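Visitor:
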Amino acid sequence: MTLTIELEDETSLDTTDVRAALVAQQGDDRVIVYLTHDSGAELVVGFSGDRGVCLWQADGGTVSTGGTNGDVNVYGWAGIPFPPGAEIDATSVLDAAEEFAATGKRPTCLSWTSYHGAMPVVDTGINPETLEAMFGVSGEPDTDR
Numbered sequence: 522m523t524l525t526i527e528l529e530d531e532t533s534l535d536t537t538d539v540r541a542a543l544v545a546q547q548g549d550d551r552v553i554v555y556l557t558h559d560s561g562a563e564l565v566v567g568f569s570g571d572r573g574v575c576l577w578q579a580d581g582g583t584v585s586t587g588g589t590n591g592d593v594n595v596y597g598w599a600g601i602p603f604p605p606g607a608e609i610d611a612t613s614v615l616d617a618a619e620e621f622a623a624t625g626k627r628p629t630c631l632s633w634t635s636y637h638g639a640m641p642v643v644d645t646g647i648n649p650e651t652l653e654a655m656f657g658v659s660g661e662p663d664t665d666r
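Okay, so the sequence shown: first residue is 522 according to my numbering, each after it adds one.
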């Protein structure tokens, strides 16, 4: 079994002790760490002090659930948004990472939900009237061409 652990800037971390490598990242504010198994499966974990998140990349994306955050929290430099309820205790994230390292499969020690299904729908407020007010665009097709 081979496991690759990388930070967002592609800095590799020591994989001999997955828990120790990840605990060292916990002090950073909403850091993201990518774990890639030799099977090709990828688990993304994030830490913010004693809280954290997990994102399973396969199957359309599933995210840890059962957490306490009531709002979307953004992790990492790339700004990955995690839905309400995704932020769980960091110990559970560490347990999930160790299970993933051993099996290469989605950890069974967590509850999961669809990433896209858990994200709240955001009304952008963009409608034909807004476009016209902002840009003088009517929102109607240009039939003069």
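A virtual CB, placed ideally from N, CA and C, is assigned to each residue, including glycine. The structure presented is a predicted model; accordingly, all values stated were derived computationally and were not measured.
1. Would you mind stating whether G606 and A639 have Cβ atoms separated by less than 8 Å?
2. Let me check understanding here. Comparing Cα to Cα, which of T634, L615, E527, P641 lies closest to R572?
3. Name the one or two DSSP bridge partners that Y596 has.
4. Answer yes or no: do G581 and S632 have a C-beta to C-beta separation smaller than 8 Å?
5. Can you tell me where the beta strand (DSSP E) holding T634 begins and where it ends?
6. Could you have a look at S613 and say whether DSSP puts it in helix, strand or coil?
7. What separation, rounded to the nearest whole angstrom, lies between the Cα atoms of E527 and L556?
8. Would you tell me roughly how many angstroms separate the C-alpha atoms of E531 and T612, rounded to the nearest one?
9. DSSP has T525 in a bridge; who is on the other side?
10. Quick one, which of A542, G567, T537, E563 has its alpha-carbon nearest R551's?
11. Taking just the CA atoms, how far does A562 sit from K626?
Guide: Walking through what the data contain:
1. yes
2. L615
3. I601
4. no
5. 633-635
6. helix
7. 7 Å
8. 24 Å
9. T557
10. G567
11. 7 Å
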